[in-house]
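Engineer:
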Amino acid sequence: MIKSAIKFYRKYISPYLPPSCRFYPTCSQYALEAIERFGTFRGSLLAVWRILRCNPYCKGGFDYVPDEFPSLFKKRK
């Protein structure tokens, strides 16, 4: 359902808005890839974090979906 909403946005809403994403791939493409790779819950978390970073105060640039889900806690050696 979330993927359908993103695809709807990309097809029917996004073409009528000026380009504003500061990252590559776009936030909507990132969200689709993250959900494909990590499932609905974890992929959506990554997508929301990405959208929060996509603002005028962020430089932007290349930001691909990570190969592994990032951990909040680092393992100690």
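Counting from -14, one number per residue, gives the positions in the sequence shown under this note's numbering. No residue lacks a Cβ here, since even glycine has one placed at the ideal position from N, Cα and C. These numbers were taken from a predicted model, which means no experiment stands behind them.
(1) Which residues mark the beginning and the end of the alpha helix (DSSP H) in which residue 23 is found?
(2) How long is the line joining the alpha carbons of residue 54 and residue 23, rounded to whole angstroms?
(3) Along the chain, where does the alpha helix (DSSP H) that runs through residue -8 open and close?
(4) Could you name the residues that DSSP lists as bridge partners for residue 9?
(5) Residue -1 and residue 13 look like a contact to me (Cβ under 8 Å); what is the Cβ gap, rounded to whole Å?
(6) Let me know if residue 32 comes out buried or exposed under the rule of 16 or more other beta-carbons within 10 Å of its beta-carbon.
(7) Can you look up residue 3 in the DSSP assignment and give me helix, strand or coil?
Structural biologist: With the given structure in hand:
(1) For the purposes of this step, residue 23 is identified with residue 38 of the sequence shown, where counting begins at 1. Looking at the DSSP string, the run of the alpha helix (DSSP H) that includes residue 23 is 12 to 38.
(2) Taking the first residue of the sequence shown as position 1, residue 54 is located at position 69. Taking the first residue of the sequence shown as position 1, residue 23 is located at position 38. Cα atoms of residue 54 and residue 23: separation of roughly 7 Å, rounded to the nearest angstrom.
(3) As a working note, residue -8 is residue 7 in the sequence shown. Following the DSSP letters along the chain, one finds residue -8 inside the alpha helix (DSSP H) bounded by residues -13 to -7.
(4) As a first step, residue 9 must be located in the sequence shown, where it is residue number 24. DSSP output for residue 9 lists 47 as bridge partner(s).
(5) One-based indexing of the sequence shown puts residue -1 at position 14. One-based indexing of the sequence shown puts residue 13 at position 28. The C-beta distance from residue -1 to residue 13 rounds to 7 Å, short enough to fall under 8 Å.
(6) Working through the sequence shown from its first residue, we reach residue 32 at position 47. Burial call: buried.
(7) Stepping through the sequence shown from its first residue, residue 3 is reached at position 18. Three-state DSSP puts residue 3 in coil, outside helix and strand.
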